[in-house]
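In the UniProt record's numbering, the protein residues as written are 1 to 694.
Structure, as structure tokens:
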């Protein structure tokens, strides 16, 4: 039976096998050193793309291949709310494999966590975080709960001797001083503690000219002041808990401490020996905390006159596109990464240190390789149909390919290969419909997903809102259709939602939503039934006037009533004469034929046979023009399906039917003849059918 616990990544070799090895100095899939592309200053690599494009999968692959071979941390930045929490995760992952275990950053994190005075529960969380850091840096070896309990007891004992306010834990200044005293006395030698405290003191020292401390990161020069006491660290904690600009300055200081610790942990021998660099994998940096961390790393590396450079290789991912303020970032395509990135820092803008790589779709050849493990022969058009359906979307391709392989492993010997038309009817290994499984990953919100399934049938925002009212969908502060559109934009599926287009603009997403509406249809007696929803939308467009005629016909066809559509097209064909009407007629025909097919339970799919004339005997009571339009409509309707095989005979028949009609209209002959020449080739290539030029 097919398994895919560690699926292979396709079309990502330039990243995995070339660029990241040149940054880290270590080959991806073998125990070999690789020459560095950069000796000192490093770019930050940002991978972008929509849901399901493989951003997280790339980081998972890097983690699998590099874990245990170099210092490595992988952090989901969307799982934390604060930069200090991300730094904690990085420290806990990197500390076991670096020579110096963050002596500069650790007291800063202890001061920040120790500054919480919100009550017993908050104090317990702070003690647990500090205990985790102490264990990661091998300053304690006991179990984490025991370390946290001991830490809390000792800090409270210090506070008990410092006065009533301190004993109650309500004086933040006293609490921070007690925490820092405990840390430095127990875990740091006096000679080593002085420069650490002085480092913070230089950034937060008060001067006579400026009674408020001004950290280096906000433009101040810092004071020399002080004898290396805890005042700098105490003010760091105070600034952090003030929030706003103060917190940003404190986070800036902590990120600087982190990167300086990483640089100091690399010994002279490691540098001379060109040991592999440490690697940080930051997922989902579109999150607030993740975006701030990336910005702070870029700011640190862009500082003017930097004499030292940190050796941390950072590979980050971001949902959607590059940050809007990354004007100086270097965009690169995957094939560009095989030999060199071509990056060099120019100027001091933070975004100049950014290399942005958009993860692109898979090719049809990649899909062929994904299906190569099938245990039974597959339909020869299956890979092309799957690629057309998904557009090469990695997640959708992976789920569908796994379902195909699972189906092939269970097929009876000698049975017919799976038809491409049945791709979306497959189930996953645990029995779930593939369309449902994919949509859950592409649209994480169940509430918005449930809205978008029926509303995907609507032509535009106006129709979607009318359908939402008909279905009695609940909305929050705004209209349900607008809320669904806002959600799609927030999830980076589209930058905006035009009022005259369907809510879901992405072809794959739209196809999956429509299929779910078909699959979950509740029958003819329900408002959520397929026939009822399309019937409502047909009536809606009928009331909107002549410009919505094509939409009304499309919903009529989606409900399975091809006879009415043929009659309307035939009437216009025989009544209109001017050449401009020919373009309007072809546009209406082409658009109506994109109607989604009704549920199989309500309708027998005979479109291919109907287009070939196999059922012409059913239409003896209509004339030859109507029969021709009927065959043409059913052929186009069949071929518009993403999973339909563009059979050569059927595509040629499209041209023959248009040619037949061109000979039977006095003024449309040239327009229809041109369509007869161009539409078959477009249908064979699965391209949009071009409109003739007048």
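Where a beta carbon is used, it is the ideal one built from N, C-alpha and C, also for glycine.
- Quick one: what does DSSP say residue 473 is sitting in, helix, strand or coil? Your numbering for residue 473 matches position 473 in the chain shown. Looking at residue 473 - three-state DSSP - the assignment turns out to be coil, as it is neither helix nor strand.
- Query: Do you know whose CA, among 614, 75, 495, lies nearest residue 282's CA?
  - Reply: By 1-based counting over the chain shown, the position of residue 282 is 282. For residue 282, the nearest C-alpha among the options comes from 75.
- residue 231 versus 260, 247, 199, residue with shortest Cα-Cα distance: Residue numbering aside, residue 231 sits at position 231 when the chain shown is read from its first letter. Taking only the C-alpha atoms, the option nearest residue 231 is 199.
- Item | CB contact flag (residue 636, residue 588, <8 angstroms) | Position 636 of the chain shown holds residue 636. Position 588 of the chain shown holds residue 588. No.
- Below 6 angstroms CB to CB, which residues in the same chain sit around residue 348 once its five sequence neighbours on both sides are set aside? Here residue 348 corresponds to residue number 348 of the chain shown, with the count starting at 1. These residues qualify, in order along the chain: 302, 304.
- Message: Using 8 angstroms as the cut-off, can you tell me whether the segment 139–146 makes contact with the segment 266–276, which would need three or more C-beta pairs spanning the two stretches below that distance?
- Response: At 8 angstroms Cβ cutoff, the stretches do not touch.
- Straight-line Cα distance separating residue 674 from residue 585: If you number the chain shown from 1, residue 585 lands on position 585. If you number the chain shown from 1, residue 674 lands on position 674. Roughly 14 angstroms separates the two Cα atoms.
- Task: Under 8 angstroms by Cβ, that's how I've got residue 300 and residue 645 pegged, so tell me the actual separation to the nearest angstrom.
- Result: One-based indexing of the chain shown puts residue 300 at position 300. One-based indexing of the chain shown puts residue 645 at position 645. Under the criterion of beta carbons closer than 8 angstroms, residue 300 and residue 645 do not qualify as touching, at roughly 56 angstroms.
- Item | Reduced DSSP secondary structure (H/G/I, E/B, other) of residue 209 | Residue 209 sits at position 209 when you count from the first residue of the chain shown. Bear in mind that the predicted position of residue 209 carries a pLDDT of just 39, short of 50, making it unreliable; the figure below should be weighed with that in mind. Collapsing the DSSP output to three states places residue 209 in coil.
- Since residue 145 sits in a beta bridge, which residues does DSSP pair it with? Along the chain shown, read from residue 1 onward, the residue named residue 145 stands at position 145. Looking at the DSSP assignment, residue 145 forms no beta bridge with any residue, so it has no partner.
- Item | Unbroken alpha helix (DSSP H) run spanning residue 331, endpoints | Reading the chain shown from its first residue, position 331 is the one you call residue 331. Segment 330–332 is the beta strand (DSSP E) holding residue 331; no alpha helix (DSSP H) there.
- Item | Per-residue DSSP class, three states only, for residue 114 | Start at 1 with the first residue of the chain shown, and residue 114 comes out as number 114. Here residue 114 sits in helix by DSSP.
- Take residue 107 as the anchor and find which of 120, 278, 85, 133 has the nearest alpha-carbon. What you label residue 107 is simply residue 107 of the chain shown in a count that begins at 1. Ranked by Cα distance from residue 107, the first of 120, 278, 85, 133 is 133.
- Under the three-state DSSP convention, the category residue 85 falls into: Counting from one through the chain shown, the residue named residue 85 turns up at place 85. In the structure shown, residue 85 sits in a helix (DSSP, three-state: H, G or I).
- Query: Where residue 34 and residue 275 are concerned, what is the direct C-alpha to C-alpha distance, given to the nearest angstrom?
  - Reply: As a position in the chain shown, residue 34 is number 34, starting the count at 1. As a position in the chain shown, residue 275 is number 275, starting the count at 1. C-alpha of residue 34 to C-alpha of residue 275: approximately 10 angstroms in a straight line.
- Message: If you reduce the DSSP assignment to three classes, tell me which class residue 275 lands in.
- Response: For the purposes of this step, residue 275 is taken as the residue at position 275 of the chain shown. Coil, per DSSP.
- Query: What do you get for residue 698, buried or exposed, if any count of 16 or more other CB atoms within 10 angstroms of its CB means buried?
  - Reply: Absent from the model: residue 698. The displayed extent of the chain is 1 to 694, so no value can be given.
- Starting from the Cα of residue 393, find the closest Cα among 442, 407, 431 and give me that residue. Taking the first residue of the chain shown as 1, we reach residue 393 at position 393. The shortest C-alpha separation from residue 393 is found at 442.
- From this set, 463, 258, 404, 242, which residue's C-alpha is nearest residue 280's C-alpha? For the purposes of this step, residue 280 is identified with residue 280 of the chain shown, where counting begins at 1. Out of 463, 258, 404, 242, 258 has the C-alpha closest to the C-alpha of residue 280.
- Query: Can you name, in chain order, every residue of its own chain whose Cβ lies under 6 angstroms from the Cβ of residue 523, other than the five neighbours on each side?
  - Reply: Indexing the chain shown from 1 puts residue 523 at position 523. 529, listed in sequence order.
- Query: Identify the residues that DSSP records as bridge partners of residue 358: which are they?
  - Reply: Counting from 1 along the chain shown, the entry for residue 358 is found at position 358. According to DSSP, residue 358 shares a beta bridge with 48.
- Query: With residue 503 and residue 484 assumed to form a contact (beta carbons below 8 angstroms), what rounded beta-carbon distance in angstroms separates them?
  - Reply: The residue given as residue 503 occupies position 503 in the chain shown. The residue given as residue 484 occupies position 484 in the chain shown. Cβ atoms of residue 503 and residue 484 come within 8 angstroms of each other, at about 6 angstroms.
- Should residue 667 be labelled buried (16 or more other beta-carbon atoms within 10 Å of its own) or exposed? Here residue 667 corresponds to residue number 667 of the chain shown, with the count starting at 1. By the beta-carbon neighbour count (other beta carbons within 10 angstroms, threshold 16), residue 667 is exposed.
- Report yes if the C-beta distance between residue 10 and residue 337 is below 8 angstroms; otherwise report no. Here residue 10 refers to the residue found at position 10 when the chain shown is read from its first residue. Here residue 337 refers to the residue found at position 337 when the chain shown is read from its first residue. Their beta carbons are not under 8 angstroms apart, which means residue 10 does not touch residue 337 by this criterion.
- Task: Just confirm the distance between the C-beta atoms of residue 197 and residue 253, as a whole number of angstroms; I'd bet it's less than 8 angstroms.
- Result: Working through the chain shown from its first residue, we reach residue 197 at position 197. Working through the chain shown from its first residue, we reach residue 253 at position 253. 13 angstroms between Cβ atoms; not a contact.
- Query: Tell me, which residues are paired with residue 70 by DSSP?
  - Reply: To locate residue 70, count along the chain shown from 1; it is residue 70. DSSP, once it has assigned bridges, lists 67 as partnering residue 70.
- Query: In the DSSP assignment, what are the bridge partners of residue 433?
  - Reply: Residue 433 sits at position 433 when you count from the first residue of the chain shown. Looking at the DSSP assignment, residue 433 forms a beta bridge with 427.
- Task: Name the two residues that bound the continuous alpha helix (DSSP H) containing residue 313.
- Result: Position 313 of the chain shown, counted from the first residue, corresponds to residue 313. It is not in any alpha helix (DSSP H) - residue 313 instead sits in the beta strand (DSSP E) that spans 313–319.
- If we ignore side chains and look at the alpha-carbon of each, how far apart do residue 217 and residue 249 end up? For the purposes of this step, residue 217 is identified with residue 217 of the chain shown, where counting begins at 1. For the purposes of this step, residue 249 is identified with residue 249 of the chain shown, where counting begins at 1. In this prediction, residue 217 scores a pLDDT of 39, lower than 50, which makes its location untrustworthy; no coordinate-derived value is stated.
- Query: For the putative contact between residue 492 and residue 320, defined by C-beta atoms under 8 angstroms, what is the C-beta separation to the nearest angstrom?
  - Reply: The sequence position of residue 492 within the chain shown is 492, counting from 1. The sequence position of residue 320 within the chain shown is 320, counting from 1. Confirmed, about 3 angstroms.
- Message: Classify residue 461: buried if its beta carbon has 16 or more other beta carbons within 10 angstroms, exposed otherwise.
- Response: Taking the chain shown and counting its residues from 1, one reaches residue 461 at position 461. Under this definition residue 461 is a buried residue.
- Query: Considering only residues of the same chain and omitting the five flanking positions on each side of residue 455, which have a CB-CB separation below 7 angstroms?
  - Reply: Locating residue 455 in the chain shown gives position 455, counting from the first residue. Excluding its 5 nearest sequence neighbours in each direction, residue 455 has C-beta neighbours in its own chain below 7 angstroms: 464, 467, 468, 481, 484, 503, listed in chain order.
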